[in-house]
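Numbering of the sequence shown is given in the numbering used here, commencing with residue 32 and proceeding in unit increments.
What follows is a single structure, written as structure tokens, with notes after it.
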Amino acid sequence: MADTSKGKKLLKELGYTKQNYFETADKAERKAIFDYAKGYMAFLDAAKTEREACDYAVSAAQAKGFTEYNFGDPLQAGDKKYFVNRGKSVVVFRVGEKDLEEDGIRIIASHIDAPRIDIKQNPLYEDSGMAFLKTHYYGGIKKYQWTAIPLALHGVIVLKSGEKIDVRVGEDPKDPVFYINDLLPHLGGDQMAGKAGKIIEGEQLNVLVGGLPYADEEVSEKIKLNVLAALNKQYGVTEEDLLSAELSAVPAFGARDIGFDRALIGAYGHDDRVCAYPALTAVLDRETPHTVLAMLVDKEEIGSEGTTGIQCKVYEDLMEEISLALGANFRKVRAHSMCLSSDVTAAYDPNFAGVYEKQNSAILSCGTAMCKFTGARGKSGSNDANAEFVGLIRKMFAEEGVVWQTAELGKVDIGGGGTVAKFVAQLNIDTVDLGVPVISMHAPYEVISKADLYSNYKAFLAFMK
Ligand code: MN
Ligand code: MN
């Protein structure tokens with residue numbers, strides 16, 4: 032009898048099966064997977080908001096010899112540049128030697144904002160022995176997940192003078208942290224019988240920030256005053272200065288290995304830093320004949336709006352300025368450009384099997400996942416990339432030995448989720464979604480596989496080659 036049956040041989044020839052990247056990687060590749068994760072985890076802890084991620088990207092770019100670009104600056108092949116938009120989004124790019132009109136720009140678009148609890152403009156009050164900050168959450172969250180966990184405060188306070196004060200409290204082990212109260216189970220009968228979306232309401236997401244009364248009999252709100260005094264002592268601000276502040280409560284815990292074998296990473300904000308970091312490092316690390324551009328944008332979680340979201344003309348302007356500086360027709364450049372819209376997708380979770388269609392879901396550790404289309408219920412709102420473009424990207428990945436998979440976010444009639452893909456495609460740029468599968472997406476602590484992270488990095492390198 033032959034070692035392998037005829038049917039088995041034929042199946043290997045004709046069939047398609049996903050591969051677990053850990054399983055296919057040799058010893059050196061496995062080491063690379065684990066080593067790369069360390070840099071990513073340091074980035075996660077350094078950059079919990081879009082401002083911090085933007086600062087991190089600028090420092091990392093400068094360390095690799097990239098210099099700041101402003102509209103109107105001359106450009107030539109070999110230039111390594113970064114462009115900062117309002118301190119909240121950044122584009123890192125290399126100018127290649129290939130003809131821009133013929134070769135276009137290769138874009139990797141990711142986002143650096145993440146769901147969180149934003150502080151309102153007139154936030155501070157006290158009640159029943161406690162001082163709180165009122166909030167309005169940012170992005171799609173399960174509100175109940177954000178109670179009873181340690182929170183850190185990140186952001187800026189802008190004074191009337193224009194001076195900007197950075198706030199970052201709760202990350203150093205010596206710092207205090209903050210907290211959102213929940214109800215004890217003993218009194219939670221009615222709460223627990225309600226719908227999960229309602230068991231904590233938006234106006235109950237108040238952040239606990241103090242409990243010490245100011246020593247003065249004449250004052251009525253002593254705890255609030257004491258918090259104001261502390262803020263004034265540390266930052267030189269008054270209550271009115273909070274009107275022009277941008278403060279966010281984010282989970283105070285850091286990125287950690289998950290599991291006895293350390294295969295996975297738990298952290299706040301994998302969505303979408305797990306794509307932003309590989310996009311950034313790919314462009315920083317690798318020389319390429321193409322003009323390549325890593326976009327780290329803001330506001331994806333609230334619809335890509337505003338001056339820092341990808342719908343803002345600033346990114347189109349930048350690409351037009353690059354084209355102008357190189358004497359290229361912008362319409363021709365766009366027509367030959369291509370984009371990986373790099374955002375996370377849902378990893379198949381056997382604990383919630385009912386919402387997934389397993390055969391077309393991203394399986395953890397089987398590599399970065401390409402979503403030809405997003406949307407749901409008739410592909411509504413989806414970019415839906417052309418088969419020709421998907422075929423081209425597939426060829427690039429095959430040539431570089433990238434382990435990857437395709438994915439759809441949930442069952443047809445259940446799922447749904449948009450990305451920046453459709454906004455880039457509007458510019459006449461072929462675009463497809465590609466990103467890392469995430470467990471518990473949008474929770475305060477999300478989980479990804481180190482194999483998928485590294486696969487994403489390798490996919491970007493292949494795209495740039
Ligand atoms: Mn995302
Ligand atoms: Mn998201």
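Note that CB positions come from ideal geometry on N, CA and C, so glycine has one too.
Predicted model, so just to flag it, every value in this text is computed and none were measured.
Is residue i near ligand 2, judged by its Cβ being under 7 Å from some heavy atom?
i    : result
D302 : yes
E81  : no
E332 : yes
H473 : yes
Can you tell me where the beta strand (DSSP E) holding residue i begins and where it ends?
i    : result
S480 : E477 to S480
Y169 : M161 to Y169
E277 : A276 to P282
F124 : S120 to R125
T48  : Looking at the DSSP string, T48 is not in any beta strand (DSSP E), and its letter there is neither H nor E.
S251 : Careful: S251 lies outside any beta strand (DSSP E) and carries neither H nor E.
D461 : D461 to G466
Q152 : R147 to D158
Is residue i near ligand 3 - that is, is its Cβ less than 7 Å away from at least one heavy atom of it?
i    : result
V364 : Inclusion of ligand 3 in the displayed structure is not the case, the ligand content consisting of ligand 1 and ligand 2 alone.
Verify the contact flag: residue i, CB atom, against every heavy atom of ligand 1, threshold strictly below 7 Å.
i    : result
D374 : yes
K142 : Just to set this straight, residue 142 is His in the shown sequence, not Lys. Indeed, a heavy atom of ligand 1 lies less than 7 Å from the Cβ.
Can you tell me which of the options puts its alpha carbon nearest to the alpha carbon of residue i?
i    : options                   : result
A310 : Y245, S279, H142 and D104 : H142
A68  : P381, P244 and A298       : A298
D380 : K442, K344, M350 and S251 : K442
I289 : I479, S90 and L42         : I479
K112 : T98, L106 and G103        : T98
F102 : N116, C85 and K95         : N116
A209 : L278, G219 and G228       : Strictly speaking, residue 209 in this sequence is Phe, with Ala absent from that position. The residue with the shortest Cα to Cα distance from F209 is L278.
D329 : W435, D302 and T322       : D302
V126 : G432, H185 and G358       : G358
A31  : Q107, A63, E232 and A78   : Past the boundaries of the shown model lies residue 31; the chain is included only from 32 to 496, so the question cannot be answered.
R304 : V345, M472 and L45        : M472
F114 : A325, A59 and I445        : A325
Y47  : N391, N459 and T405       : N391
What span of residues does the alpha helix (DSSP H) with residue i cover, start to end?
i    : result
D66  : K58 to A77
A400 : Note, A400: premise wrong, no alpha helix (DSSP H); beta strand (DSSP E) at T399 to C402.
M472 : No alpha helix (DSSP H) holds M472; DSSP gives it neither H nor E.
D303 : H301 to D316
E54  : Y52 to T55
Y346 : V345 to A356
- Message: Quick check: the stretch 34–51 against the stretch 251–269, are at least 3 beta-carbon pairs closer than 8 Å?
- Response: Output reads no: the stretch 34–51 does not touch the stretch 251–269.
- Query: Are three or more beta carbon pairs between the stretch 155–172 and the stretch 325–345 nearer than 8 Å?
  - Reply: Touching, yes.
- Message: With three or more beta-carbon pairs closer than 8 Å as the criterion, would you say the stretch 391–411 touches the stretch 473–487?
- Response: In the pairwise beta carbon analysis, the stretch 391–411 is classified as touching the stretch 473–487: at least three pairs are separated by under 8 Å.
- Stretch pair the stretch 310–320 + the stretch 182–198: three plus CB contacts closer than 8 Å: No, the stretch 310–320 does not touch the stretch 182–198.
- Message: Contact between the stretch 132–148 and the stretch 443–455 is defined here as three or more beta-carbon pairs at a separation below 8 Å; is this criterion met?
- Response: These segments touch.
- Query: Would you call the stretch 241–252 and the stretch 215–227 in contact, with 3 or more CB pairs under 8 Å?
  - Reply: Under the Cβ criterion (8 Å, minimum of three pairs), the stretch 241–252 does not count as touching the stretch 215–227.
- Task: Decide yes or no for the touch test of the stretch 363–379 against the stretch 150–159: beta carbon pairs closer than 8 Å, at least 3 of them.
- Result: Too few Cβ pairs lie closer than 8 Å, so no.
- Message: Taking contact to mean 3 or more Cβ pairs, one atom from each stretch, closer than 8 Å, check whether the stretch 224–239 and the stretch 119–137 are in contact.
- Response: Contact between the stretch 224–239 and the stretch 119–137 is absent, because fewer than three Cβ pairs lie under 8 Å.
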